[in-house]
Amino acid sequence: MSQFKGKAVYKGTAIGKVLVLKKSDSVVKRYRIESVDDELQRLKSAVDRTLKQLQKLYDKAVIEVGEASAAIFEVHQMMVEDDDYQDAIHNMIANEQVNAEFAVAVTGDNFANMFANMSDDYMRARSADVKDISNRLIKNLSDDGDVDLSEMEPSIIVADDLTPSETVQMDKTKILAFVTVHGSANSHTAILARMMNIPALISVPMNLDELHTGMTAIVNGKEDSVIFEPTDDEIAKAEAQLKAEKEQEALLAALKGKESVTKSGKKVHVFANIGSVGDLGYVMENDAEGIGLFRSEFLYLGKDRLPTEEEQFSAYKQVVQMMAGKKVVIRTMDIGADKKVDYLGLDEEENPALGFRAIRICLERPELFKTQLRALLRAAKYGNLSIMYPMITSVEEVMDIKAIVEEVKKELDAEGIPYAVPEQGVMIETPAAVMISDELAKIVDFFSVGTNDLTQYTLAIDRQNENLNRFYNPHHKAILMMIKMVTDNAHKYGKWAGICGELGADLTLTEEFVRMGVDELSMSPSMILKVRNIIRNMD
Amino acid sequence: MKTFKYVITDEVGIHARPAGILAKEAKKYTSKVTLSCHGAEAEATKLLAVMSMAVKKGEEVTVTIEGADEAAACAEIEKFFKENL
Numbered sequence: 002m003s004q005f006k007g008k009a010v011y012k013g014t015a016i017g018k019v020l021v022l023k024k025s026d027s028v029v030k031r032y033r034i035e036s037v038d039d040e041l042q043r044l045k046s047a048v049d050r051t052l053k054q055l056q057k058l059y060d061k062a063v064i065e066v067g068e069a070s071a072a073i074f075e076v077h078q079m080m081v082e083d084d085d086y087q088d089a090i091h092n093m094i095a096n097e098q099v100n101a102e103f104a105v106a107v108t109g110d111n112f113a114n115m116f117a118n119m120s121d122d123y124m125r126a127r128s129a130d131v132k133d134i135s136n137r138l139i140k141n142l143s144d145d146g147d148v149d150l151s152e153m154e155p156s157i158i159v160a161d162d163l164t165p166s167e168t169v170q171m172d173k174t175k176i177l178a179f180v181t182v183h184g185s186a187n188s189h190t191a192i193l194a195r196m197m198n199i200p201a202l203i204s205v206p207m208n209l210d211e212l213h214t215g216m217t218a219i220v221n222g223k224e225d226s227v228i229f230e231p232t233d234d235e236i237a238k239a240e241a242q243l244k245a246e247k248e249q250e251a252l253l254a255a256l257k258g259k260e261s262v263t264k265s266g267k268k269v270h271v272f273a274n275i276g277s278v279g280d281l282g283y284v285m286e287n288d289a290e291g292i293g294l295f296r297s298e299f300l301y302l303g304k305d306r307l308p309t310e311e312e313q314f315s316a317y318k319q320v321v322q323m324m325a326g327k328k329v330v331i332r333t334m335d336i337g338a339d340k341k342v343d344y345l346g347l348d349e350e351e352n353p354a355l356g357f358r359a360i361r362i363c364l365e366r367p368e369l370f371k372t373q374l375r376a377l378l379r380a381a382k383y384g385n386l387s388i389m390y391p392m393i394t395s396v397e398e399v400m401d402i403k404a405i406v407e408e409v410k411k412e413l414d415a416e417g418i419p420y421a422v423p424e425q426g427v428m429i430e431t432p433a434a435v436m437i438s439d440e441l442a443k444i445v446d447f448f449s450v451g452t453n454d455l456t457q458y459t460l461a462i463d464r465q466n467e468n469l470n471r472f473y474n475p476h477h478k479a480i481l482m483m484i485k486m487v488t489d490n491a492h493k494y495g496k497w498a499g500i501c502g503e504l505g506a507d508l509t510l511t512e513e514f515v516r517m518g519v520d521e522l523s524m525s526p527s528m529i530l531k532v533r534n535i536i537r538n539m540d
Numbered sequence: 008m009k010t011f012k013y014v015i016t017d018e019v020g021i022h023a024r025p026a027g028i029l030a031k032e033a034k035k036y037t038s039k040v041t042l043s044c045h046g047a048e049a050e051a052t053k054l055l056a057v058m059s060m061a062v063k064k065g066e067e068v069t070v071t072i073e074g075a076d077e078a079a080a081c082a083e084i085e086k087f088f089k090e091n092l
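Sequence lines, in order, name chains C and A. So the first sequence is numbered by my numbering: it starts at 2 and just counts up by one. So the second sequence is numbered by my numbering: it starts at 8 and just counts up by one.
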């Protein structure tokens, strides 16, 4: 038995078999082979397996993120089959009698370097694609990395950290829990875990070499711990806890369809944060009263070009139609900082969080902003849509935005395209916006506090830096005072104020927010019924 | 031997996806399909080689098709360029 402490990003209990995922970026060894024919045969079956995996990824991605974003996996298939690439690997195996892994690694590096040295930005970025397919091929050649994530048993996933391409492959219904050595509360794994109600433990100081796939483990979210090879006693205890959690879940399920209202009659809107059209299922399942933050970035990420007006329009229209009259707050693109896309050709920055991102890109490149605004205004005709502008620091920025919206309206009028002018608000995520919130309240329709960025900017703490965890106090008095100030200023001018950052889901603060007068709390769908439960039990 | 010239209108030039579809298309024929542009040359069936030519928007590509089914191949491939690039 061995036990480790970590940090639970989604609390909950899990008991089950472990699936250890190890990084395959270890150094590829070169060795001399006995038979060239055998080696070529081994290569061939690895290529077949690789192509099959890529086809599966493509099919899955088409459903989850759409055909345009899935195309990358189709291109990867073609790259694997490319004549020059295959010839180079074959020749090396045949002429130098080296193992296939080594031949693939050298060939992959050569092609990647060729792309990396090209003058064209787009082509330079393809270097990563060649590396990616080569790594996949090497993984399929070596026995240890050969885990087909799409056909796994129900498992507790144990890893250093997980990449989006790893999690997209997994059958989500078979993940019992995530346990990772690294990761932050805002990492991809953490967001996924919260979205899908999967217990997750990060920052666990375990040694993956001492663990193996198939061993039993208990994840205890309440105590932020994981136990490998537990005793019978511990298993019995965990089973009892699991049973209690299931009962609690059933109790919460009874709150579906009920209002989020305190005993004294104060109504609070409990909304969901989502990142793609595919998340709507979780929104419905957890009975969200609306969508308080729809991150539009998914339309921009994982592509090799900007999304067109029609692509955006159809996504926004689909969401507002499916929400059937319930409020849907769509945040305009928040690219930059930790979310990068190659095709915008943005410069590397010293301090990306303080750099060229979100509304700043939109105001500098109005053509790109206009495309999104046109799509939003057109979609507003089909339901209860609101637009939210991120990273606002001044009244001037809002006035500039308003001028661009006016231009867009004129253009649509001139073209005879139907649209509606939706409610428009700003995200409060800079201390500057908090301080001038009384002036902003006069010119916008609502506020939504993005507590993650607001905390990082107020406390001067990089939230991606794990070494600063000790100093990062999300309950810092300064933040709570700011939320109070923003809410009061909104109410002074008859506007509404909400919270859409992680604090919105913080059950220890729900009562305080309601007492402050916060009108709306938006969070991961999995937290909605828990927050509703607290609100309904308040006086 | 058949040949045609085409000026690329796609914003990103001959990028990964159309190059991939072109390779598939060219493999349907026994004829040898060659692309040349700004002094570089590549067989259309070779995705990575075509991509490494880095053909940009506004550049003129010369496509040469040589073989038994060159007439049919030429018509289809020219159509592909017009529709996708």
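Here a beta-carbon is modelled for each residue, glycine too, at the ideal position from N, C-alpha and C.
- Nearest Cα to Thr217 (chain C) within the set C:Val159, C:Asn141, C:Lys45 and C:Lys267: C:Val159.
- Remark: fewer than three beta-carbon pairs, one from each stretch, lie closer than 8 Å, so the stretch 411-419 of chain C and the stretch 432-441 of chain C are not flagged as touching.
- Judged by pairs of C-beta atoms under 8 Å, the stretch 286-298 of chain C touches the stretch 269-276 of chain C, as three or more such pairs exist.
- Going by DSSP, Tyr13 (chain A) is part of no alpha helix (DSSP H) but of the beta strand (DSSP E) stretching over Lys9 to Val14.
- Within the same chain, and ignoring the five residues on either side of Phe179 (chain C) in sequence, the residues whose Cβ sits closer than 6 Å to its Cβ are Ile158, Thr190, Ala194 and Ala201.
- In the three-state scheme derived from DSSP, where H, G and I count as helix and E and B as strand, Glu467 (chain C) is classed as helix.
- With contacts defined by Cβ atoms closer than 8 Å, Val422 (chain C) and Phe448 (chain C) do not form a contacting pair.
- Sequence-distant Cβ neighbours of Ile444 (chain C) in its own chain, meaning closer than 6 Å and more than five residues away, are Val399.
- From the listed residues C:Gly451, C:Ala442, C:Met79 and C:Ala354, the smallest Cα separation to Ile429 (chain C) is found for C:Gly451.
- Nearest in C-alpha terms to Met323 (chain C), of all of C:Gly279, C:Glu350 and C:Tyr301, is C:Gly279.
- As summarised for the stretch 184-244 of chain C, the continuous beta strand (DSSP E) elements at least 3 residues long and confined to that stretch are 201-203, 217-221 and 226-229, given in chain order.
- Under the 8 Å criterion on CB atoms, Glu18 (chain A) is classed as interfacial with respect to chain C.
- At least one C-beta of chain C is nearer than 8 Å to the C-beta of Thr52 (chain A).
- The straight-line gap separating the alpha-carbon atoms of Met483 (chain C) and Gln457 (chain C) is approximately 13 Å.
- By the CB criterion at 8 Å, Met80 (chain C) and Asp130 (chain C) fall inside the cutoff.
- For Phe5 (chain C), the enclosing beta strand (DSSP E) stretches over residues Ser3 to Lys6.
- In the structure shown, the three-state DSSP call for Ser527 (chain C) is helix.
- Look at the stretch 63-79 of chain A: the residues with a C-beta under 8 Å from a C-beta of chain C are Lys63.
- Secondary structure of Gln425 (chain C) (DSSP, three-state): strand.
- Residues of the stretch 78-97 of chain C with a C-beta atom less than 7 Å from some C-beta of chain A are Met79, Met80, Asp83, Asp84, Asp85 and Tyr86, listed in chain order.
- For Cys363 (chain C), the enclosing alpha helix (DSSP H) begins and ends at Ile360 to Glu365.
- CA-CA distance, Ala126 (chain C) to Asn287 (chain C), rounds to 40 Å.
- The beta carbon of Val406 (chain C) lies closer than 7 Å to those of Leu374 in the same chain, with the five residues before and after it left out.
- CA-CA distance, Cys44 (chain A) to Ile21 (chain A), rounds to 11 Å.
- Residues Ala69, Ser70, Val342 and Tyr344 of the same chain have their beta carbon placed closer than 8 Å to that of Lys304 (chain C), with the five preceding and five following residues left out of the count.
- Distance from the CA of Pro25 (chain A) to the CA of Leu300 (chain C), rounded to the nearest whole angstrom, comes to 21 Å.
- Listed by position along chain A, the residues whose Cβ is nearer than 8 Å to that of Met2 (chain C) form an empty set, because the closest Cβ is around 50 Å away.
- Take the alpha-carbon of Gly27 (chain A) and the one of Asp122 (chain C): they are about 19 Å apart.
- Counted as a single uninterrupted DSSP element, the beta strand (DSSP E) harbouring Tyr390 (chain C) occupies residues Leu386 to Tyr390.
- Across the set C:Met389, C:Pro155 and C:Leu455, the C-alpha of C:Met389 shows the shortest separation from the C-alpha of Gln425 (chain C).
- Our two residues, His477 (chain C) and Ile134 (chain C), have alpha carbons roughly 45 Å apart in a direct line.
- Under the DSSP assignment, Asn141 (chain C) falls in the alpha helix (DSSP H) whose first and last residues are Asp122 to Leu142.
- Here the C-alpha atom of Val515 (chain C) lies approximately 30 Å from the C-alpha atom of Ile203 (chain C).
- Near chain C, meaning a CB-to-CB distance below 7 Å, the residues of the stretch 25-49 of chain A are Gly27 and Ala30.
- Every unbroken stretch of the alpha helix (DSSP H) spanning 4 or more residues and falling wholly within the stretch 47-93 of chain C is given here in chain order: 68-82.
- At the C-beta level, Ala498 (chain C) and Val487 (chain C) come within 8 Å of one another.
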